[in-house]
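Some notes on the structure that comes next.
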Amino acid sequence: MTRDVSRTGYKRVLLKLGGEMFGGGAVGLDPDVVHRVARQIAEVVRTGAEVAVVIGGGNFFRGAQLQQRGMERTRSDYMGMLGTVMNSLALQDFLEKEGIVTRVQTAITMGQVAEPYIPLRARRHLEKGRVVIFGAGMGLPYFSTDTTAAQRALEIGAEVVLMAKAVDGIFTDDPRANPDAEFLPEITHREVIDRGLQVADATAFSLCMDNRMPILVFNLLTEGNIARAVAGEKIGTLVTP
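Mapping the sequence shown onto the UniProt record's numbering, position 189 (from 1) lands on 189, and the numbers just tick up by one.
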């Protein structure tokens, strides 16, 4: 293994947030949730860590679910991308209220509200201590924001993808439905794919596996866990090549 995946802390991370969390379990935005997340990210940035963020749009639209109701998949996916931009702008606002300079970059051009996605510019922002939030997914239908997170992490030179969930990490089954599900503190990308564990889409794990990018799956609902994850504390499940 060429990459050191010991939990000794990270300098540059890509944080993946599910849109459903921003809604607090409902459709739309829960300002209290966004504020809590922004406060945790700000705490990490003040330590000198560089943080980029990808947010889903599931609190507004989910393309696959809209397709099941008869909507054309491409159009529904673009609607989902716009939902991620709304989440990105909300997080930007709360981060800046915490005194953290933040830039939103989108894969779909919308110059009045965000910068276009330019990897080298994103790297420069991070080097200057700014948070960069990537909105609009990949800008292409059929690609999830999980895959976007993996892609962006590789492009900006992140050391790890921090995948925030509503559970403590990866289990052998859904712990909310099966109380006997076994917690897995460490696992490989290949094992996640082969065992069909429902953590994120297989494309994201395959991309990280091929490029030796570790993933840390952890519980966002525990206050302070973003800082613990960045510091390399033993929380969640570490997925390694």
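All C-beta atoms, glycine included, are put in the ideal place defined by N, C-alpha and C.
Quick one: give me the first and last residue of the alpha helix (DSSP H) that V34 is part of.
Along the sequence shown, read from residue 1 onward, the residue named residue 34 stands at position 34. That run of the alpha helix (DSSP H) goes 31–45.
Taking DSSP's pairing of strands, which residues face N219 in a bridge?
The residue you call residue 219 lines up with position 219 of the sequence shown. Partner(s): K165.
Using DSSP with H/G/I as helix, E/B as strand and the rest coil, what is residue 245?
This structure does not reach residue 245, given that the chain is present from 1 up to 241, and the question cannot be answered.
Within the same chain, show all residues whose beta-carbon is closer than 6 Å to that of Y10, passing over the 5 residues directly before and after it, in chain order.
If you number the sequence shown from 1, residue 10 lands on position 10. These residues qualify, in order along the chain: E159, V160, V230.
Assign F94 to buried or exposed, taking buried as 16 or more other Cβ atoms, counted over all protein chains shown, within 10 Å of its Cβ.
Here residue 94 refers to the residue found at position 94 of the sequence shown. With 16 or more Cβ atoms within 10 Å of its Cβ, F94 is classed as buried.
Local Cβ density within 10 Å of K165, reported as buried at 16 or more and exposed below that:
Reading the sequence shown from its first residue, position 165 is the one you call residue 165. Classification for K165: buried.
So what's I187 in DSSP terms, helix, strand or just coil?
Here the question's residue 187 lines up with position 187 in the sequence shown. Strand.
What runs of the alpha helix (DSSP H), each 4 residues or longer, lie entirely inside the stretch 123–157?
145–156
Rounded to the nearest angstrom, what separates E96 and D180 at their Cα positions?
Taking the sequence shown and counting its residues from 1, one reaches residue 96 at position 96. Taking the sequence shown and counting its residues from 1, one reaches residue 180 at position 180. The straight-line gap from Cα to Cα measures roughly 42 Å.
Report back the beta-carbon spacing between P175 and T237 to the nearest angstrom; my notes put them in contact at under 8 Å.
Numbered from its first residue, the sequence shown carries residue 175 at position 175. Numbered from its first residue, the sequence shown carries residue 237 at position 237. P175 to T237, Cβ: 12 Å. No contact.
With the cut-off set at 8 Å, would you say S76 and L89 are in Cβ contact?
Position 76 of the sequence shown, counted from the first residue, corresponds to residue 76. Position 89 of the sequence shown, counted from the first residue, corresponds to residue 89. Cβ atoms of S76 and L89: not closer than 8 Å.
Which residues mark the beginning and the end of the beta strand (DSSP E) in which T172 is found?
One-based indexing of the sequence shown puts residue 172 at position 172. That residue, T172, is in no beta strand (DSSP E); it is neither H nor E in DSSP.
So V131 packs on V45, CB below 8 Å; how close in whole Å?
Here residue 131 is taken as the residue at index 131 of the sequence shown, counted from 1. Here residue 45 is taken as the residue at index 45 of the sequence shown, counted from 1. The Cβ separation is near 6 Å, so the contact holds.
Are the beta-carbon atoms of N225 and V167 separated by less than 8 Å?
In the sequence shown, counting from the first residue as 1, residue 225 sits at position 225. In the sequence shown, counting from the first residue as 1, residue 167 sits at position 167. Not in contact: N225 and V167 (Cβ atoms no closer than 8 Å).
Do V54 and T203 come within 8 Å of each other at the CB atom, strictly closer than that value?
For the purposes of this step, residue 203 is identified with residue 203 of the sequence shown, where counting begins at 1. For the purposes of this step, residue 54 is identified with residue 54 of the sequence shown, where counting begins at 1. No, these two residues do not count as a Cβ contact at 8 Å.
To test your reading of the DSSP string, which unbroken beta strand (DSSP E) runs of 3 or more residues are found completely within the stretch 40–122?
50–55, 102–106
Rounded to whole angstroms, what is the Cα-Cα separation between A49 and R12?
Locating residue 49 in the sequence shown gives position 49, counting from the first residue. Locating residue 12 in the sequence shown gives position 12, counting from the first residue. The straight-line gap from Cα to Cα measures roughly 6 Å.
Please list, in chain order, all residues of the same chain as L207 whose beta carbon is under 8 Å from its beta carbon, the five residues on each side excluded.
As a working mapping, residue 207 is identified with position 207 in the sequence shown. Counting only Cβ-Cβ distances below 8 Å, and skipping sequence neighbours, we find T147, A150, Q151, L154, M213.
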